[in-house]
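Below is one structure, written out as structure tokens; the observations come after it.
Protein chains in written order, with my numbering: chain A, 207 to 374; chain B, 20 to 524.
Structure follows, in structure tokens:
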């Protein structure tokens, strides 16, 4: 099968060459590229999941940090590719529906308080369905630990890493 | 400017050259450099973006994952039967996975090369014949020992425990220069101390006149009269980086180096490589597991070289112990629990040491083409021999951590709480099924494997696809069997061998 070849032809020798690998042209840096929209449903389910995951003895986590986490996740999924959106979206959807059943509650994770969500997700993790909880848990934990407050609380400040936003 | 972005071209693009290399990683880059330096007009096509080292090194870990890791690190090889599902991570950028490795370099073990040369009757793959290619790569990418002073405390504790039990460890070798052990190799080296192909072979190729086109995806090899006349695909210049404009490169020779997950898909779409029926099969992954030990004292395992020591003490059992560390968030995620239970574990992160184990697996996976999707479906069925090794080696690692003074050990089992020296013997491994094991891989290999006959292999001993005279494969997919050690050095050596054969040297 042959693709239609267009009007505009370039000889490879006409392309810019030479020297060590130079930086991309302005506007082509990856963080400046437009990101794919992420469904509000996926983000809402991620928020529900995160509130359960990061709840403590003191109750639900700080709403501002959850808001930061969800914004970061939106950027993550908007850039990580269709497969990532599909996999993580499916995992969050499945957890939202399935997890309450493990503690004999209905209908969704969002209808439970954070402590019950944590209990329900923990039960999922202990079964053969564990991998569907691990996907969102891994991505959310990775981002969570990049927040300076988390690093302070857990004594995990990383000398080589800059603060969120510095790479922008 | 010597990397041109496919995003620049809003209209279809047609190029012409002597050799088009599909993929810019450890397989494609040595070929591009060799042929460009031999005077050929070379074009390298790379699906991912160009992210220069300093910019990559300034990213947070999750930024690196979202921008340059394939599928945001969520590629999964679906486990069949009692096999774990395996998270397979790879790079998608100029340089392929090379800028994301821990830099670990192992020569292919002698017994593996001997098997290739004798059992598979490929004479010049023997240890003495391959020596020159390994030596050349070592020089090209500056392979050096990791000094013990760069070891993280996490590694040092495990080594101490191992040595107390008579397990011998050695220093790893890596492709680095002036590494200060800041421990974030997998997310871009902030000091440009890691000499991946983006710092070595690709600049050499560019200096010799090669053109590197990023954000350009190849879908098939174009054929005319039984010969390849080039490749076709798309420029990723559409909305949000989607494919839009057509790309065609006419060339007198095609070298596929898209890796073991994607090269078989390109061949399959092109109707090539199917004679033996083994295209896309024989996938080996080096399934890897991580065990964590919790110590009373702070460990801060992220400080020090990410990977620095290994042990082949259990090589006879098909396992190699490798030092490793992961981002703290991932480390926390692999610990059991949610909510307050997990919060207790999160607080321990700074006190955790970690070590990894890699299984020298038998080819039991496959890469499948999914209709209407560009990404493949991976499946993996761990053989009984490999599956039986998992609990044995995990217990050995727990004992090593306890010998080093760990208070508790966390196994890579979903939802399983920690074990102590007293409870280690009570873990009933027969009840822990494969799907409950947390397993990862960075080494997909073997899906277009090399052989001496078209009846049982995809490429000939020179990397040529059996059914067409001018299409070659030069990446991890041509390795006839798994290695049992990190493969980048072997992939580069095999690619150099293919390249020099093409250049007539």
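A virtual CB, placed ideally from N, CA and C, is assigned to each residue, including glycine.
At least one beta carbon of chain A lies nearer than 7 Å to the beta carbon of residue 259 of chain B. If you draw a straight line from the Cα of residue 149 of chain B to the Cα of residue 466 of chain B, it comes to about 21 Å. Proximity to residue 88 of chain B across B/510, B/102, B/106 peaks at B/106, based on C-alpha coordinates. For the 7 Å CB-CB criterion, residue 322 of chain B and residue 171 of chain B form a contact.
In the three-state scheme derived from DSSP, where H, G and I count as helix and E and B as strand, residue 459 of chain B is classed as strand. What residue 74 of chain B touches in chain A, judged by beta-carbon distance under 9 Å, is 229, 230, 235, 236, 237, 373, going in chain order. Not one beta carbon of chain B lies nearer than 7 Å to the beta carbon of residue 297 of chain A.
For residue 172 of chain B, no Cβ of chain A is located within less than 7 Å of the residue's own Cβ. Proximity of residue 373 of chain B to chain A, defined by a Cβ-Cβ separation below 7 Å, is not satisfied. If you draw a straight line from the Cα of residue 282 of chain B to the Cα of residue 483 of chain B, it is about 13 Å long. Inside the segment 319-368 of chain A, DSSP marks no whole beta strand (DSSP E) run of 3 or more residues. Residue 227 of chain A sits close to residue 22 of chain B, with the two beta carbons spaced by under 7 Å. Look at residue 251 of chain B here: in three-state DSSP terms it is strand.
Against chain A, the CB of residue 194 of chain B has no partner CB under 7 Å away; the residue lies outside that interface. Contact annotation for residue 413 of chain B against chain A: no contact, minimum CB-CB distance about 17 Å [criterion: below 7 Å]. If you draw a straight line from the Cα of residue 444 of chain B to the Cα of residue 190 of chain B, it is about 31 Å long.
The alpha-carbon separation between residue 326 of chain B and residue 121 of chain B amounts to approximately 6 Å. In the same chain as residue 176 of chain B, and ignoring 5 residues on each side of it, the C-beta atoms closer than 6 Å to its own belong to 372, 423, in chain order. In the structure shown, residue 291 of chain B adopts coil according to DSSP, grouped into three states.
With a beta-carbon spacing of about 5 Å, residue 330 of chain B and residue 188 of chain B fall inside the 8 Å limit used to define contacts. In chain order, 81, 348 make up the part of chain B whose C-beta sits under 8 Å from the C-beta of residue 349 of chain A. Residue 291 of chain A and residue 497 of chain B have their C-alpha atoms spaced approximately 31 Å apart.
Listed in chain order, the positions of the segment 418-430 of chain B with a beta carbon within less than 9 Å of a beta carbon of chain A would be empty, since no residue qualifies. Spanning the alpha carbons of residue 457 of chain B and residue 329 of chain A requires a straight line of approximately 17 Å. Under DSSP, residue 387 of chain B forms a beta bridge with B/396. Under the three-pair Cβ rule at 8 Å, the segment 283-290 of chain B counts as touching the segment 234-244 of chain B.
Secondary structure at residue 301 of chain A: helix, using DSSP grouped into helix, strand and coil.
Among the CB atoms of chain B, none fall inside 7 Å of the CB of residue 252 of chain A.
Contiguous beta strand (DSSP E) elements confined to the segment 311-358 of chain B occur at 328-330, 338-342, taking only those with 3 or more residues.
Proximity to residue 362 of chain B across A/259, A/234, A/244, A/294 peaks at A/259, based on C-alpha coordinates.
When Cβ-Cβ separations below 7 Å define contact, residue 276 of chain A makes no contact with chain B. At a cut-off of 7 Å between beta-carbon atoms, residue 271 of chain A makes no contact with chain B. Residues of the same chain with a CB within less than 7 Å of the CB of residue 350 of chain A, apart from the 5 flanking positions on each side, are 260, 275, 356 in chain order.
Within the same chain, Cβ atoms closer than 7 Å to the Cβ of residue 434 of chain B are found at 355, the five residues on either side in sequence being excluded. Per the C-alpha coordinates, the member of A/337, A/320, A/272 positioned closest to residue 264 of chain A is A/320.
For residue 134 of chain B, the enclosing alpha helix (DSSP H) covers residues 129-137.
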